Ligand code: PGA
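In our numbering, the protein residues as written are 101 to 323.
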């Protein structure tokens, strides 16, 4: 596969991306990061927690949130607290999540370009919750989740009916304004869509394909 670095294990992939984050932090302690949720970054976050880096001047911006109570056990705010923020020396007020005031989130992001954006990819090619058909010009907004995404994410809930049907996501244009992007994909169920996104046509029906137009993107995969 073109432009994709393959790893033999998930641990190696997680450590490699952790090295990139560590280098960024050491180069600039006031770095700005865009961060993902989901199963893919769990190894990365575990690795970062173990490294005891200095996060005291870092700002983070999460890619997306479900529209649900932020204190719910499956909210992305809770996910980030449990897996990263409560375990590092970051100021909670420096950890931003999209909310219904989408303009203000965009303003925060536009102020100073984000140094590093870490992404996962959905089995339908979404990045953040930019589902197939999302405009390449899109910015932070409320979106309806597709049936595929509801099914994929139902593993975290008692049933598919419990998965929130709407989310607030950064847009594709917002993501593309990051200085550097690292896409992580883990599992054979991601292999086909990764190939289509990285080697196929650049099209709004495969949101991740927009990354082919970014000049500083790296893509990592393990099965
Ligand atoms: P996952 O989700 O890491 O849980 O596979 C990735 C995504 O949907 O972007």
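Every residue gets a Cβ at the ideal spot worked out from N, C-alpha and C, and that includes glycine. Keep in mind that this is a model prediction, so the values were computed, not measured.
By alpha-carbon distance to residue 223, the top candidate from 204, 296 and 244 is 296. No heavy atom of the ligand PGA is found nearer than 7 Å to the CB of residue 246.
Leaving aside the five residues that flank residue 164 on each side, the residues in its chain whose CB is nearer than 6 Å to its CB run, in chain order, 228, 229, 267 and 269. According to DSSP, residue 196 shares a beta bridge with 161. Here residue 131 is near residue 158, since their CB atoms are less than 8 Å apart. Cβ neighbours of residue 166 within its own chain (closer than 7 Å, five residues either side excluded): 175, 176, 264 and 267. In the DSSP assignment, residue 286 falls within the unbroken beta strand (DSSP E) covering 281-286. Distances from the CA of residue 127 to each of 107, 320, 209 and 154 were compared; the closest alpha carbon is that of 154.
Taking 3 residues as the minimum length, the beta strand (DSSP E) runs contained wholly in the region 121-172 are 132-135, 159-162 and 164-166, in order along the chain. By the neighbour-count criterion, in which a residue is buried when 16 or more other Cβ atoms sit within 10 angstroms of its Cβ, residue 162 is buried. DSSP lists 164 and 241 as the bridge partner or partners of residue 269. Here the alpha carbons of residue 321 and residue 108 stand approximately 9 Å from one another. The beta carbon of residue 168 sits closer than 7 Å to those of 175 and 264, all from its chain and outside the five residues before and after it, given in chain order. The three-state reading of DSSP puts residue 321 in strand, counting E and B together. Comparing C-alpha distances from residue 220 to each of 244, 290 and 184 shows the shortest one belongs to 290. Bridge pairing for residue 106: 321 [DSSP]. C-alpha of residue 306 to C-alpha of residue 285: approximately 15 Å in a straight line. For residue 188, the secondary structure class from DSSP, reduced to helix, strand or coil, is coil.
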